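Chains as they are written, first to last, in our numbering: chain A, 33 to 422; chain B, 33 to 422.
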């Protein structure tokens, strides 16, 4: 190339899409702390604290709990390739993009995959898994707690009994739930789980906390074949995060500084207060959207506080609305994926993004962007959302 | 946990180990820029510039060139799992940890691996590959350009002819070479290569630039089976980095800001000037170490400018020396790996860490740490290194 690009100067967006959420300035500042070595005694302490705080947000005492050096999808693949050996039978709940992805990753790991299909935009029921299983036994039951592609929340606790009936371990995708709604791996009897940093933890994308129960660890230890991925092999990585401190790969030091600060802010706020904040702002957003005359995708009792999917009204160019929000209001919301592409918007209120000012900005800006295309709101969204806060 | 940890305040180390190197303050500042969405028009431009600059440091016009969302080992695994299908024959050069790792990753991808063994601390010769091949044909010849575990540099250009004789593609590990010594993928006829960010690019660890030639891309397109890793499947990721911009996983936004700035600084300095700087400082370091009476592991003409391995003198506790350097001088150097564990130190002069002040600090601090254990230097290391600069 002939010219050297100029230094970056990104715009300051309000991030109300499906993730990344807005990064707290204190987390940004942590990212910029001086890099130390991955075996520096100081860094080993950082790792210990990250591990301890990860346990708190997962609701677990699991020894094997730490962030993988990749994004949420790397965490998904980590759990699947470590638990699966070729020919294993795996049952996957599929009611959105991320269940679909779990099934695909499991197949590539050599599993025989059975899918429990559910409607996009609805929770998966225990019965859906029983029906799909058809009386067979499985090694693993996989389910997405918070389906980021639709905004539906599936209850995990009742699935422990289903997994037991099937002789299966229980693997849960907690990417969009950790830090935004209650996650209780130990109380629910979850054997393996993964999350991401860029949703309700409000750290930039790049790491994926995972956690394995004692039973999950036993299955790892009893493998007959090596894990197909060396990079994601937990038996090797646990020797770095554990007391051995054996070098595996060079940990993403500065990203881990950021995650340390993000987790610290979660604990400082307190989990209960944080969940209440997410719930309150989501309720106010939903109330405002419905007051405008927009239709929500997910029934109220299956909705996800961190993410709300709303139907695009007939005759509206949804991409033009998003372009308008970005250009005129520095506001990002998300479009639909898969069968919902072009049909819905996805509005995230995650972590630092979940606050009243953002709810009001979103309702105001969306009204204005819709007005450009001639859509007349049914009622006063801001007044309705204000009432929801009262 | 009962108490929330305090905010981080890492020490400012001088990083002269095998990586991470010292991060330039401008790169740290870039990491802390406001997060935007992974499909934001602004971010798409950042991606384009990162891709273009990555091509420059790789010495290539390869279309498929971009950073993977993981550390250097993820880049290694990316190249291997995308090129290998089960049963493929792969020839791997092994003269250190990273060749050993390539062989292991290739086996896990289902390859039949043949190893061309070389001495640790020496370059691999074309003949070593011919001898190991024994007249057979291979799909892939794998070699490490700059062996970070020993400091030996293997000439890549002559291996193109060997690969052609074997009917093989040529895959090169450029983790410690990119940005520190000449890398010319196109001129050398390399089909696939990967690097890391935390060595001579002086960006924190977390990303791994990869590049595939047209032939490498054809092999990807002609695969009969899916890539075993979904996270690392280049056919999917290329749709995000290419003009389609199809969502695959959420890119590590802020890490990519950092890499953008790191690459910008490389281009701003100029590749030739940067390579000369690395060579000069390495020569001065080696001169100083030898003046002290220490023995270098690698013969002069096979040495790697970014990394110098030096033998631990008899009777010296090497770990105590490193602990002293860290505690008394805030200076990190590396220990040995594998058969060299306990026997060598590895001193990196990579990227922002490669400067005269660091050479002098290293020689002074090392003399002082050795003196604690009664080692008397043969001559004046600082004077000798100063002469090397003259």
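Heads up, the beta-carbon is just placed ideally off N, CA and C, and yes, glycines get one too. Quantities reported herein were computed from a predicted structural model and do not represent experimental measurements.
The beta carbon of residue 61 of chain A sits closer than 8 angstroms to some beta carbon of chain B. The shortest CA-to-CA distance from residue 145 of chain A to any of A:152, A:159, A:127, A:164 is the one to A:164.
In the structure shown, residue 209 of chain A falls within a coil segment according to DSSP collapsed to helix, strand and coil. Scanning B:210, B:294, B:191 for the CA closest to the CA of residue 203 of chain B turns up B:191. For residue 39 of chain B, at least one C-beta of chain A is nearer than 8 angstroms to its own C-beta. Here residue 320 of chain B is near residue 417 of chain B, since their CB atoms are less than 8 angstroms apart. Taking a contact to require three or more Cβ pairs closer than 8 angstroms, the region 102-117 of chain A and the region 245-262 of chain A qualify as touching. At a C-beta separation below 8 angstroms, residue 390 of chain B has no neighbours in chain A, since its nearest C-beta there lies roughly 15 angstroms away. If you look at residue 105 of chain A, you'll find it isn't in any beta strand (DSSP E); it sits in the alpha helix (DSSP H) that goes 104-115.
Distance between residue 214 of chain A and residue 88 of chain A, taken at the CA atoms: about 11 angstroms. Interface residue (Cβ-Cβ distance to chain A less than 8 angstroms): residue 296 of chain B is classified as such.
For the pair residue 266 of chain A and residue 71 of chain A, the CB atoms are not nearer than the 8 angstroms cut-off. Near chain B, meaning a CB-to-CB distance below 8 angstroms, the residues of the region 74-103 of chain A are 74, 75, 78, 81, 84, 85, 87, 88, 101, 102, 103. The contact set of residue 137 of chain A on chain B, defined by CB atoms closer than 7 angstroms, consists of 262 in chain order. Along the region 282-296 of chain B, going in chain order, the ones with a CB nearer than 7 angstroms to a CB of chain A are 282, 283, 284, 285, 286, 287, 289, 292, 293, 296. Three or more beta-carbon pairs separated by less than 8 angstroms are not found between the region 91-109 of chain B and the region 165-172 of chain B, which leaves the two stretches without contact. In this structure, the beta-carbon distance from residue 85 of chain A to residue 296 of chain A falls below 8 angstroms.
The straight-line gap separating the alpha-carbon atoms of residue 160 of chain A and residue 151 of chain A is approximately 11 angstroms. In the DSSP annotation of this structure, the continuous segment of the alpha helix (DSSP H) that includes residue 90 of chain B starts and ends at 73-90. Residue 127 of chain A sits buried, since 16 or more C-beta atoms from the chains shown fall within 10 Å of its C-beta. Taking a 10 Å sphere around the C-beta of residue 421 of chain A, we find fewer than 16 other C-beta atoms and assign the residue as exposed.
Per DSSP, reduced to three states, the secondary structure at residue 272 of chain B is helical. Taken atom to atom, the span from the alpha-carbon of residue 90 of chain A to that of residue 383 of chain A is near 15 angstroms. The beta-bridge partner set that DSSP reports for residue 125 of chain B consists of B:148. Unbroken alpha helix (DSSP H) runs of no fewer than 4 residues, entirely contained in the region 213-278 of chain B, are found at 217-220, 246-253, 266-273, following chain order. In the structure shown, residue 366 of chain B falls within a strand segment according to DSSP collapsed to helix, strand and coil.
Its Cα nearest to that of residue 61 of chain A, the residue A:293 stands out among A:148, A:293, A:80. Residue 122 of chain B sits close to residue 170 of chain B, with the two beta carbons spaced by under 8 angstroms. In this structure the region 37-51 of chain B lies against the region 370-383 of chain B, because at least three pairs of beta carbons, one per stretch, are closer than 8 angstroms. For residue 414 of chain A, the uninterrupted alpha helix (DSSP H) segment begins and ends at 413-421.
Taking a cut-off of 8 angstroms for Cβ pairs, the region 337-344 of chain A and the region 178-195 of chain A touch, as three or more such pairs fall below it. Annotation for residue 379 of chain A: the continuous beta strand (DSSP E) segment containing it runs 376-380. If you draw a straight line from the Cα of residue 93 of chain B to the Cα of residue 218 of chain B, it comes to about 7 angstroms.
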